[in-house]
């Protein structure tokens with residue numbers, strides 16, 4: 184199954200700019216209630232009071248049509264004439280972000296709507312993005328639940344000042360990424376992930392290539408081969424190139440472990456339940472590539488994805504095996520469940536060889552990062568302190584947060600091995616996410632601006648716009664980073 188974004192479903196959430204039937208939606212803070220006079224007279228203010236509307240975040244109230252005497256009395260189901268959405272305690276409307284609005288497109292009655300408040304350009308774009316992202320549902324595998332584009336639903340007139348086309352491109356990429364992560368392994372293994380990448384490359388005129396199976400050994404990617412060789416779906420390295428060769432080079436590397444059993448260090452059943460999402464890094468790299476190519480970013484882009492299934496079998500790699508790497512370092516396997524860093528090592532070594540201006544990897548690398556920061560806050564590690572500070576700041580601005588973590592040099596010796604150049608796990612049970620990042624750093628020697636995101640790629644609880652399931656963490660952050668770094 185080749186995953187492509189449903190552009191028709193996305194466009195069905197947008198109303199024409201000249202819609203003459205669009206109804207207003209007011210965004211109300213808790214502090215606005217006493218002074219709000221959104222409608223004629225005091226009738227709507229009374230309606231808010233009678234219905235217990237307090238402006239709390241995500242609280243929604245549809246406003247009824249009015250007669251000459253005020254509220255349309257005598258009927259419980261009044262014709263809608265507008266709506267109010269609570270946005271909590273933010274200081275002003277310039278602070279509106281996508282999560283204030285997310286889910287609104289699924290909660291309002293069918294028809295055309297517009298935001299009645301004047302929003303600053305950034306807030307307008309964020310509100311539009313929230314409207315679109317909030318319409319995402321992974322329903323392709325459930326028979327009879329897919330809505331037709333002709334099904335009546337709420338549509339939004341794009342807010343004045345919003346970067347509508349760019350915002351829609353971001354929404355498409357987020358949906359594409361979520362679909363890839365949500366897809367189970369029996370529909371999206373290494374071969375199918377490569378097919379999706381090939382389809383994406385063809386859509387934007389990019390070059391696509393892959394190295395598959397035994398050819399990984401001939402081309403000197405021994406770690407990718409070792410991790411994926413026990414699977415019935417051959418391991419491979421996916422490679423996409425796009426853009427003007429004279430532009431700054433940006434390389435994205437995404438961990439593409441389409442399913443992780445843990446290998447011979449087998450996971451328990453509970454830990455294995457979510458392992459279809461162990462290719463979240465690859466999905467985010469492809470989703471980011473989509474929006475970069477769609478908006479014609481002024482960069483030379485390369486995407487490298489080691490795509491494997493970490494399975495078990497007679498030819499699976501074993502604890503205590505010593506494996507060669509593309510860089511020439513020999514690695515002792517301390518744990519076969521620390522396979523992500525192995526496949527990334529070969530891909531990073533190849534990416535680093537070209538000395539890109541910016542090298543970024545995305546990976547669901549360690550449970551330790553989740554213990555430290557939880558599922559909503561990816562850990563960020565970098566050899567460039569200015570880049571790390573910039574990424575943290577941008578993440579806060581676009582509501583795609585990360586937290587800076589240290590590459591603590593004194594821990595590096597804990598990756599030593601008595602029989603090889605290094606071990607894939609540390610001798611200590613502490614600081615697991617730092618050890619993972621330090622391991623990857625061994626394979627980045629030429630790139631002076633490298634950043635590693637250790638992320639979860641999953642919403643573990645239900646919230647508006649964020650259903651339980653896949654999440655495109657760091658995608659919007661890095662898109663904005665590239666805008667700021669490489670826009671002339």
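Numbering (this note's numbering), first residue to last: 184 to 671. Ideal Cβ placement from N, Cα and C applies to all residues, glycine included.
Proximal residues to residue i (C-beta, below 6 Å), its chain only, five neighbours per side dropped
i           : result
residue 210 : 268, 270 and 300
residue 669 : 431, 481 and 482
residue 463 : 364, 547 and 640
residue 124 : An answer regarding residue 124 cannot be provided, because it is not within the stretch 184 to 671 covered by the chain.
residue 374 : 416
residue 320 : none
residue 251 : In this predicted model, residue 251 has a pLDDT of only 49, less than 50, meaning its place in the structure is not dependable enough to derive any value.
residue 632 : 541, 567 and 570
residue 588 : 562 and 564
Cβ separation of residue i and residue j, assumed to be a contact under 8 Å, to the nearest whole Å
i           : j           : result
residue 586 : residue 556 : 5 Å
residue 640 : residue 547 : 5 Å
residue 655 : residue 360 : 4 Å
residue 515 : residue 602 : 6 Å
residue 644 : residue 583 : Residue 644 to residue 583, Cβ: 18 Å. No contact.
residue 506 : residue 605 : 11 Å between Cβ atoms; not a contact.
residue 413 : residue 496 : 4 Å
residue 465 : residue 488 : 4 Å
residue 302 : residue 351 : Rounded, the Cβ-Cβ distance is 17 Å, inconsistent with contact.
Proximity winner among the options, relative to residue i (alpha-carbon distances)
i           : options               : result
residue 478 : 662, 281 and 198      : 662
residue 335 : 195, 602, 441 and 457 : 195
residue 578 : 404, 455 and 665      : 665
residue 562 : 354, 312, 553 and 273 : 553
residue 626 : 383, 543, 237 and 446 : 543
residue 340 : 589, 199 and 278      : 199
residue 418 : 491, 538, 353 and 523 : 491
residue 565 : 412, 635, 450 and 192 : 635
residue 537 : 369, 429 and 629      : 629
residue 201 : 274, 411, 313 and 342 : 342
residue 371 : 298, 560, 467 and 442 : 442
residue 324 : 312, 362 and 539      : 362
residue 382 : 469, 560, 599 and 531 : 469
residue 530 : 486, 517 and 279      : 486
residue 429 : 411, 410, 539 and 453 : 539
residue 386 : 476, 241, 598 and 452 : 476
residue 313 : 304, 410 and 280      : 280
Residue j beta carbon less than 9 Å from that of residue i
i           : j           : result
residue 420 : residue 402 : yes
residue 484 : residue 433 : yes
residue 444 : residue 513 : no
residue 345 : residue 392 : no
residue 317 : residue 287 : yes
residue 472 : residue 394 : no
residue 356 : residue 474 : yes
residue 230 : residue 649 : no
residue 126 : residue 508 : With the chain running from 184 to 671 in the structure shown, residue 126 is simply not present.
residue 534 : residue 519 : no
residue 637 : residue 616 : yes
residue 248 : residue 294 : no
residue 624 : residue 570 : no
residue 337 : residue 647 : no
residue 594 : residue 612 : no
residue 686 : residue 306 : The structure shown does not extend to residue 686, since the chain spans only 184 to 671, so no value can be given for it.
residue 523 : residue 574 : no
residue 607 : residue 510 : no
residue 501 : residue 447 : yes
residue 193 : residue 310 : no
residue 545 : residue 398 : no
Close-in-space but distant-in-sequence residues of the same chain around residue i (CB under 8 Å, 5 per side omitted)
i           : result
residue 266 : 206, 207, 208, 209, 243, 244, 245, 246, 291 and 296
residue 384 : 390, 391, 423 and 425
residue 239 : 213, 269 and 271
residue 204 : 294 and 295
residue 558 : 639, 641, 642 and 643
residue 215 : 238
residue 257 : Below a pLDDT of 50, predicted positions are generally treated as unreliable, and residue 257, at 48, falls in that range; no measurement from the model is reported.
Chain D contact for residue i (CB, 9 Å cutoff)
i           : result
residue 289 : Going by chain labels, chain D is absent from the structure shown, which holds only one protein chain.
Same chain, Cβ closer than 7 Å to residue i, five either side skipped, listed in chain order
i           : result
residue 367 : 459
residue 581 : 659, 660 and 663
residue 642 : 649, 650, 651, 652 and 654
residue 347 : 311 and 341
residue 289 : 317 and 318
Legend entry - 4-residue-minimum alpha helix (DSSP H) runs that sit fully inside the segment 499-553, ordered along the chain: Entirely contained in the segment 499-553, the alpha helix (DSSP H) runs reaching 4 residues are, in chain order, 523-536.
Legend entry - Runs of alpha helix (DSSP H) wholly within the segment 389-433 (minimum 4 residues, chain order): Counting only runs of 4+ residues, the alpha helix (DSSP H) found wholly inside the segment 389-433 occupies 398-401 and 405-411, in chain order.
Legend entry - Runs of alpha helix (DSSP H) wholly within the segment 551-602 (minimum 4 residues, chain order): 568-580, all fully within the segment 551-602.
Legend entry - Segments assigned alpha helix (DSSP H), at least 4 residues, entirely inside the segment 596-640: Here the runs fully enclosed are 615-624.
Inset, instruction - Report the residue ranges of all alpha helix (DSSP H) runs contained in full by the segment 240-323; include only those spanning at least 4 residues, in chain order. - result: Counting whole runs of 4 or more residues, the segment 240-323 contains the alpha helix (DSSP H) stretches 281-284, 287-290 and 304-316.
Legend entry - Start-end ranges of the alpha helix (DSSP H) lying completely within the segment 328-386, minimum 4 residues: Restricted to the segment 328-386, the alpha helix (DSSP H) segments that are unbroken, complete and at least 4 residues in length are 347-365 and 373-386, listed in chain order.
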